[in-house]
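These protein sequence lines are chains A, B and C, in that order. Everything in the first sequence is counted per our numbering, starting at 1 for the first residue and increasing by one. Everything in the second sequence is counted per our numbering, starting at 142 for the first residue and increasing by one. Everything in the third sequence is counted per our numbering, starting at 241 for the first residue and increasing by one. We treat Cβ as the ideally placed atom computed from N, Cα and C, and that holds for glycine. Working notes for the structure below.
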Amino acid sequence: MADLIRLRDDEAVDHPAVTVDSFLEQPDANAVRIEPGDDARALLPHLAQIALVEINFPVFGDGRGYSAARILREAGYVGELRAVGDVLIDQLAPMRRCGFDAFEPDRPLDPVAVDAVLARFPAAYQPAADGAAPIWALRHG
Amino acid sequence: MRILTGNDLKAGAVVWWTGYDWSRHVEDAADVGDQADAIAAREEAARRVNAPYAIEATRDAGGTPRPAHIKDRIRALGPTVRPDLTLKPADPAVGNWVI
Amino acid sequence: MYIYDEFDQAMVDARVAEFRDQVDRRLAGKLSEDQFKPLRLMNGLYLQLHAYMLRVAVPYGTLNSAQMRLLGDIADKYDRGYGHFTTRQNIQYNWIRLEDAPDILADLARVGMHAIQTSGNCIRNTTSDHFAGAAADEVVDPRPYAELIRQWSSFHPEFSYLPRKFKMAVIASQRDRAAMRLHDIGIRLVRNSAGELGGEFYVGGGMGRTPMIAPLIRDFVPIDQFITYAEACLRVYNRHGRRDNKYKARIKILVHELGAEEYARQVEEEFAHLLTLGIEPPARELERIAAQFAPPPFASGLPDTIDRSDPAFALWAARNLQPHKAPGYTALTISLKPTGGIPGDASADQIRLMADLAERYSFDELRVTHAQNIVLPHVRKADLPALWRELVDAGLGSPNLDLAGDIIACPGLDYCSLANARSIPVAQQIGERLAGKEQDIGELKLKISGCINACGHHHAGHIGILGVDKKGVENYQLLLGGSEAEDVSLGKITGPGFDEAGVVDAVEKVTDLYLARREDGERFLDTYRRIGVEPFKEVLYG
Numbered sequence: 001m002a003d004l005i006r007l008r009d010d011e012a013v014d015h016p017a018v019t020v021d022s023f024l025e026q027p028d029a030n031a032v033r034i035e036p037g038d039d040a041r042a043l044l045p046h047l048a049q050i051a052l053v054e055i056n057f058p059v060f061g062d063g064r065g066y067s068a069a070r071i072l073r074e075a076g077y078v079g080e081l082r083a084v085g086d087v088l089i090d091q092l093a094p095m096r097r098c099g100f101d102a103f104e105p106d107r108p109l110d111p112v113a114v115d116a117v118l119a120r121f122p123a124a125y126q127p128a129a130d131g132a133a134p135i136w137a138l139r140h141g
Numbered sequence: 142m143r144i145l146t147g148n149d150l151k152a153g154a155v156v157w158w159t160g161y162d163w164s165r166h167v168e169d170a171a172d173v174g175d176q177a178d179a180i181a182a183r184e185e186a187a188r189r190v191n192a193p194y195a196i197e198a199t200r201d202a203g204g205t206p207r208p209a210h211i212k213d214r215i216r217a218l219g220p221t222v223r224p225d226l227t228l229k230p231a232d233p234a235v236g237n238w239v240i
Numbered sequence: 241m242y243i244y245d246e247f248d249q250a251m252v253d254a255r256v257a258e259f260r261d262q263v264d265r266r267l268a269g270k271l272s273e274d275q276f277k278p279l280r281l282m283n284g285l286y287l288q289l290h291a292y293m294l295r296v297a298v299p300y301g302t303l304n305s306a307q308m309r310l311l312g313d314i315a316d317k318y319d320r321g322y323g324h325f326t327t328r329q330n331i332q333y334n335w336i337r338l339e340d341a342p343d344i345l346a347d348l349a350r351v352g353m354h355a356i357q358t359s360g361n362c363i364r365n366t367t368s369d370h371f372a373g374a375a376a377d378e379v380v381d382p383r384p385y386a387e388l389i390r391q392w393s394s395f396h397p398e399f400s401y402l403p404r405k406f407k408m409a410v411i412a413s414q415r416d417r418a419a420m421r422l423h424d425i426g427i428r429l430v431r432n433s434a435g436e437l438g439g440e441f442y443v444g445g446g447m448g449r450t451p452m453i454a455p456l457i458r459d460f461v462p463i464d465q466f467i468t469y470a471e472a473c474l475r476v477y478n479r480h481g482r483r484d485n486k487y488k489a490r491i492k493i494l495v496h497e498l499g500a501e502e503y504a505r506q507v508e509e510e511f512a513h514l515l516t517l518g519i520e521p522p523a524r525e526l527e528r529i530a531a532q533f534a535p536p537p538f539a540s541g542l543p544d545t546i547d548r549s550d551p552a553f554a555l556w557a558a559r560n561l562q563p564h565k566a567p568g569y570t571a572l573t574i575s576l577k578p579t580g581g582i583p584g585d586a587s588a589d590q591i592r593l594m595a596d597l598a599e600r601y602s603f604d605e606l607r608v609t610h611a612q613n614i615v616l617p618h619v620r621k622a623d624l625p626a627l628w629r630e631l632v633d634a635g636l637g638s639p640n641l642d643l644a645g646d647i648i649a650c651p652g653l654d655y656c657s658l659a660n661a662r663s664i665p666v667a668q669q670i671g672e673r674l675a676g677k678e679q680d681i682g683e684l685k686l687k688i689s690g691c692i693n694a695c696g697h698h699h700a701g702h703i704g705i706l707g708v709d710k711k712g713v714e715n716y717q718l719l720l721g722g723s724e725a726e727d728v729s730l731g732k733i734t735g736p737g738f739d740e741a742g743v744v745d746a747v748e749k750v751t752d753l754y755l756a757r758r759e760d761g762e763r764f765l766d767t768y769r770r771i772g773v774e775p776f777k778e779v780l781y782g
């Protein structure tokens with residue numbers, strides 16, 4: 001877990017996540033792992049019992065996980081949303097905007113650099129899943 | 142012959158492996174035989190070149206390497222529609238070399 | 241003209257700082273080329289045949305004089321004294337140093353410009369009608385809506401790693417001057433029977449190796465929901481667009497494979513959900529933006545006539561002017577297609593001169609057209625003779641708008657690492673060959689691409705040319721019958737390809753056939769559609 005970056009204070013789930021398919025067969029786990037191509041909406045009836053959703057990025061260029069993350073947050077999911085796999089430092093800011101609050105990259109990231117990229121942009125043009133007021137809201141009070 | 146080319150990482154300019162360094166001029170290109178991958182990996186890791194790749198070439202009558210494919214001949218020369226911006230700006234018919 | 245406020249400026253400045261940091265990390269070896277490539281592409285920086293190439297966004301093709309002047313200065317300071325205007329209303333520089341790129345972006349930011357998302361698998365620069373705000377036939381100026389899309393799509397966190405690139409266009413007239421239905425999303429602003437403004441959404445068009453005309457997905461999206469609807473279109477694509485094959489990853493393939501109806505159904509479902517989230521910018525934001533596109537203070541009572549006593553001027557004025565909504569004014573097109581020249585290229589001096597002319601004659605405004613020309617949108621008719629003389633002196637007075645010499649051509653193998661054949665020399669030779677006949681031939685849209693990616697829009701040319709690699713030798717296929725306008729159609733390949741000299745001859749043969757067979761008032765395209773491809777095949781191969 002040394003390379004786990006968490007932006008939340010609660011206790012991290014310490015057991016492995018199950019696949020979406022096995023979760024749906026027997027929905028008793030509290031940690032699920034979404035692969036690209038899995039339908040995040042299949043989890044919506046069960047969100048209250050889930051404490052950790054891992055969204056896997058086998059290659060950084062496959063952006064399906066960004067939609068999966070937003071869909072879960074839009075449905076009211078409040079548990080941990082962790083990006084795992086080929087997660088690059090320059091992707092952390094957009095991932096956080098889509099609702100991710102934990103990152104477990106294959107290759108460890110420099111914590112100082114992480115703080116810098118997360119603080120880079122002063123605002124955002126569009127609403128997403130991070131609760132930030134979009135620029136049009138800031139403009140018009 | 143087999144020659145190695147790429148672009149200078151900082152400047153972007155087309156460069157050719159001379160056997161010990163990179164040159165802007167295809168005339169300086171050395172035959173790399175089966176060493177292309179090793180040289181490319183080493184030079185890329187040292188950040189002296191970007192996107193290196195090996196190509197086939199022949200030697201013309203004067204011994205100058207001539208890349209087998211037109212794309213690499215245009216890379217070696219410059220845009221045929223702007224002779225003034227090629228490596229041989231004084232020769233208005235320089236574009237004929239690539240065809 | 242949209243002017244950045246403190247928020248826009250802060251975002252663009254942050255982007256410059258971010259890219260400076262990314263370039264530093266690349267040069268220091270902390271980023272591999274594989275990791276750096278998508279980052280530099282999202283800042284418009286390619287590695288091309290001879291050097292890095294930087295593509296600067298010209299949002300919906302609109303520029304002011306200060307911006308245009310800076311584009312000329314960048315060409316001198318960081319490049320080799322010229323720039324290339326593209327079919328997506330942008331400008332490209334061909335000889336950029338990676339080390340200089342952050343400084344160039346910083347210079348651009350000072351005049352409210354950027355290169356954000358001019359490449360990469362994200363939402364690209366939104367294009368529009370180059371006569372927007374001037375055209376007599378528009379329902380509304382489409383640019384405020386394009387600017388709203390620019391802001392919504394900039395740094396969109398969900399849509400930065402789409403299956404493939406994504407291009408949008410917004411127009412507001414029945415005439416289509418932006419190839420709207422050949423975009424991933426084309427929007428035509430219309431009024432419904434109640435007089436309310438909304439958008440027709442066409443989704444899944446494109447050129448490339450599998451050209452498609454976008455089907456109508458929804459015939460009226462209310463204007464106060466159109467960002468939300470676009471978000472729904474994109475989310476369905478991001479989730480379900482193909483990622484197994486780069487050549488099948490564009491949204492046109494998804495729409496084609498699902499069928500337009502099923503795609504529309506999925507979008508409606510997502511749209512209904514997104515409407516509950518309140519993501520649509522409020523009306524007052526649109527009003528704030530629209531106020532900046534208010535018409536310039538046109539003078540009234542101007543003479544609405546043009547002195548055509550000079551025949552050379554009269555020829556140019558007959559070709560290169562567009563009806564304007566304000567009496568006494570016209571929108572004029574500066575052709576970047578001198579006979580034998582490089583389509584879309586302009587020298588630093590020419591770019592600065594066009595900036596000066598806009599300042600003096602066109603309320604400080606210019607446009608870039610998808611046909612790689614420049615428009616001065618608001619010119620007094622009385623000023624035309626003086627303005628024209630300055631254009632002629634600068635080599636910018638070609639009277640050939642939409643004629644055979646007004647060829648769209650991609651950079652081709654002279655510059656582009658993806659190309660299979662050169663485009664520019666073919667354009668130059670066709671232009672020279674037809675120079676004596678082009679006024680007689682009349683409207684003829686000739687479009688040349690140097691590879692199947694179709695940046696030169698060859699599918700949409702009345703005459704299209706596609707360069708291919710035939711065993712290491714350049715070869716050119718001829719297509720006939722395409723159109724990017726409101727009568728949109730895709731060209732069809734006539735038969736076996738030609739070598740460079742052969743394709744120039746072939747174009748002359750088909751235009752000669754047209755001249756022999758045309759009936760009153762027919763354009764080349766009309767004659768082709770009336771008589772079909774067979775007579776053309778006969779003169780080409782018979």
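Could you work out which residues of chain C lie near A152 (chain B), taking near to mean beta carbons separated by less than 8 Å? In the second sequence, residue 152 (chain B) corresponds to position 11, counting from 1. A291, R337, L338, E339, listed in chain order.
Sorted by chain position, which residues of the same chain lie with C-beta nearer than 6 Å to L7 (chain A)'s C-beta, five sequence neighbours on each side aside? For the purposes of this step, residue 7 (chain A) is identified with residue 7 of the first sequence, where counting begins at 1. D101, listed in sequence order.
If you measure from the beta carbon of Y77 (chain A) to each beta carbon in chain C, is any gap under 7 Å? In the first sequence, counting from the first residue as 1, residue 77 (chain A) sits at position 77. False, the Cβ-Cβ gap to chain C never drops below 7 Å.
Neighbour flag for G85 (chain A) against chain C, beta carbons, 7 Å: The residue you call residue 85 (chain A) lines up with position 85 of the first sequence. Using a CB distance cut-off of 7 Å, G85 (chain A) does not count as an interface residue toward chain C.
Which chain B residues are close to R320 (chain C), counting only those with a beta carbon under 8 Å from its beta carbon? What you label residue 320 (chain C) is simply residue 80 of the third sequence in a count that begins at 1. Chain order gives the chain B residues near R320 (chain C) as L226, where near means a beta carbon separation below 8 Å.
If contact means a Cβ-Cβ distance below 7 Å, which residues of the region 381 to 399 of chain C contact chain A? Against chain A - using a Cβ distance shorter than 7 Å - the residues of the region 381 to 399 of chain C are Q391, W392, S394, F395, H396, P397, E398.
Quick check: N361 (chain C) and L303 (chain C), are their CB atoms within less than 7 Å of each other? Sequence index remark: in the third sequence, residue 361 (chain C) carries index 121 (1-based). Sequence index remark: in the third sequence, residue 303 (chain C) carries index 63 (1-based). When the beta-carbon positions are compared, N361 (chain C) and L303 (chain C) stay at least 7 Å from each other.
DSSP state of M95 (chain A) mapped onto helix, strand, coil: To locate residue 95 (chain A), count along the first sequence from 1; it is residue 95. Residue state, collapsed to three classes: helix.
Tell me which residues share the same chain as L706 (chain C) and place their Cβ nearer than 6 Å to its Cβ, disregarding the 5 neighbours each side in the sequence. Here residue 706 (chain C) corresponds to residue number 466 of the third sequence, with the count starting at 1. Here the set comprises S689, H698, Q717.
Would you say P208 (chain B) reaches chain C, if we count a Cβ-Cβ gap shorter than 7 Å as a contact? Sequence index remark: in the second sequence, residue 208 (chain B) carries index 67 (1-based). P208 (chain B) is outside the set of residues whose beta carbon lies under 7 Å from a beta carbon in chain C.
Where does H15 (chain A) fall in DSSP's three states? Residue numbering aside, residue 15 (chain A) sits at position 15 when the first sequence is read from its first letter. Of the three classes helix, strand and coil, the one that applies to H15 (chain A) here is coil, per DSSP.
At a Cβ threshold of 7 Å, is Y401 (chain C) touching chain A? Along the third sequence, one-based indexing puts residue 401 (chain C) at 161. Chain A contact via Cβ: present.
4-residue-minimum alpha helix (DSSP H) runs that sit fully inside the region 513 to 588 of chain C, ordered along the chain: Those alpha helix (DSSP H) runs which fall completely within the region 513 to 588 of chain C and span 4+ residues are 523 to 531, 551 to 560.
If R662 (chain C) and T221 (chain B) are in contact, beta carbons under 8 Å, what's the gap, nearest whole angstrom? Locating residue 662 (chain C) in the third sequence gives position 422, where the first residue counts as 1. Locating residue 221 (chain B) in the second sequence gives position 80, where the first residue counts as 1. Contact holds; Cβ gap of about 7 Å.
For H166 (chain B) and W158 (chain B), believed in contact at Cβ under 8 Å, the rounded distance: For the purposes of this step, residue 158 (chain B) is identified with residue 17 of the second sequence, where counting begins at 1. For the purposes of this step, residue 166 (chain B) is identified with residue 25 of the second sequence, where counting begins at 1. Incorrect: roughly 12 Å between the Cβ atoms, too far for contact.
Between T221 (chain B) and chain C, is there a C-beta pair that is closer than 7 Å? Against the second sequence, residue 221 (chain B) aligns to sequence position 80. At least one chain C Cβ lies under 7 Å of T221 (chain B).
Restricting to runs no shorter than 4 residues, where is the alpha helix (DSSP H) found entirely within the region 286 to 334 of chain C? Qualifying alpha helix (DSSP H) stretches, in chain order: 305 to 318.
Among C:Q506, C:K565, C:V747, which has the Cα closest to the Cα of P536 (chain C)? For the purposes of this step, residue 536 (chain C) is taken as residue 296 along the third sequence, with counting starting at 1. Minimum Cα distance to P536 (chain C) is reached at C:K565.
Would you check if the region 388 to 402 of chain C and the region 56 to 65 of chain A touch, i.e. whether three or more CB-CB distances between them fall below 8 Å? Three or more Cβ pairs drawn from the region 56 to 65 of chain A and the region 388 to 402 of chain C lie within less than 8 Å of each other, which places the two stretches in contact.
Between the alpha carbons of A558 (chain C) and I681 (chain C), how many angstroms are there, rounded? To locate residue 558 (chain C), count along the third sequence from 1; it is residue 318. To locate residue 681 (chain C), count along the third sequence from 1; it is residue 441. Each residue's Cα considered, the two are about 14 Å apart.
How big is the Cα-Cα spacing for R200 (chain B) and T227 (chain B)? The sequence position of residue 200 (chain B) within the second sequence is 59, counting from 1. The sequence position of residue 227 (chain B) within the second sequence is 86, counting from 1. Each residue's alpha carbon lies about 21 Å from the other.
Neighbouring residues, chain C, relative to A128 (chain A) (Cβ below 9 Å): Start at 1 with the first residue of the first sequence, and residue 128 (chain A) comes out as number 128. Neighbours of A128 (chain A) on chain C, chain order: H396, P397, E398, I519.
Quick check on the DSSP output: what are the complete beta strand (DSSP E) runs of length 3 or more inside the region 678 to 749 of chain C, in order along the chain? Taken in chain order, the whole beta strand (DSSP E) runs of length 3 or more contained in the region 678 to 749 of chain C are 686 to 689, 703 to 710, 713 to 720.
For N560 (chain C), count neighbouring C-beta atoms within 10 Å of its own C-beta (all shown protein chains included) and say buried if the count is 16 or more, exposed if not. For the purposes of this step, residue 560 (chain C) is taken as the residue at position 320 of the third sequence. With at least 16 other beta carbons inside 10 angstroms of its own, N560 (chain C) counts as buried.
Which residue wins for smallest C-alpha separation from M251 (chain C), given the options C:N478, C:E273, C:L345? Walking along the third sequence from the start, residue 251 (chain C) turns up at place 11. The candidate whose alpha carbon is nearest that of M251 (chain C) is C:L345.
Are three or more beta carbon pairs between the region 582 to 602 of chain C and the region 632 to 652 of chain C nearer than 8 Å? Pairwise C-beta distances place the region 582 to 602 of chain C in contact with the region 632 to 652 of chain C, as three or more of them are shorter than 8 Å.
Starting from the C-beta of L352 (chain C), find all residues in its chain whose C-beta is less than 6 Å away, skip the five residues before and the five after it, and write them out in chain order. Within the third sequence, residue 352 (chain C) is the residue found at index 112, counting from 1. It should be pointed out that residue 352 (chain C) corresponds to Gly in this sequence rather than to Leu. When the five nearest sequence neighbours on each side are left out, the beta carbons in the same chain lying within less than 6 Å of the beta carbon of G352 (chain C) are those of Y244, in order along the chain.
Host beta strand (DSSP E) of R431 (chain C) (start-end): For this step, residue 431 (chain C) is matched to residue 191 along the third sequence. Its beta strand (DSSP E) spans residues 425 to 431.
Of the residues that make up the region 48 to 78 of chain A, which ones have a beta carbon closer than 7 Å to any beta carbon in chain C? From the region 48 to 78 of chain A, only G61, D62, G63, R64, Y66, S67, R70, E74 have a Cβ closer than 7 Å to chain C.
Cβ neighbour criterion (16 or more within 10 Å) applied to I411 (chain C): Residue mapping note: residue 411 (chain C) aligns to position 171 of the third sequence, counting from 1. Here I411 (chain C) is buried. Its C-beta has 16 or more other C-beta atoms within 10 Å.
List the residues of chain C whose Cβ lies closer than 7 Å to the Cβ of L138 (chain A), in chain order. Position 138 of the first sequence holds residue 138 (chain A). Ordered by position in chain C, the residues that pass the 7 Å Cβ test against L138 (chain A) are F247.
Have a look at the DSSP bridge pairing and note the partners of G439 (chain C). In the third sequence, counting from the first residue as 1, residue 439 (chain C) sits at position 199. Its beta-bridge partners are C:L429, C:V461.
Have a look at L338 (chain C) and A454 (chain C) and give me their C-alpha separation to the nearest angstrom. Residue mapping note: residue 338 (chain C) aligns to position 98 of the third sequence, counting from 1. Residue mapping note: residue 454 (chain C) aligns to position 214 of the third sequence, counting from 1. Straight-line Cα distance between these residues: approximately 37 Å.
Do N334 (chain C) and Y655 (chain C) have their C-beta atoms closer together than 7 Å? Here residue 334 (chain C) refers to the residue found at position 94 when the third sequence is read from its first residue. Here residue 655 (chain C) refers to the residue found at position 415 when the third sequence is read from its first residue. The answer is yes: Cβ separation under 7 Å.
Residues near D38 (chain A) in its chain [Cβ-Cβ closer than 6 Å; skip 5 each side]: What you label residue 38 (chain A) is simply residue 38 of the first sequence in a count that begins at 1. For D38 (chain A), where only same-chain residues beyond five positions count, the Cβ hits under 6 Å are V20.
Partner residues on chain C for R216 (chain B), Cβ-Cβ distance less than 7 Å: Stepping through the second sequence from its first residue, residue 216 (chain B) is reached at position 75. Near R216 (chain B) (Cβ distances below 7 Å), the residues of chain C are L289, H290.
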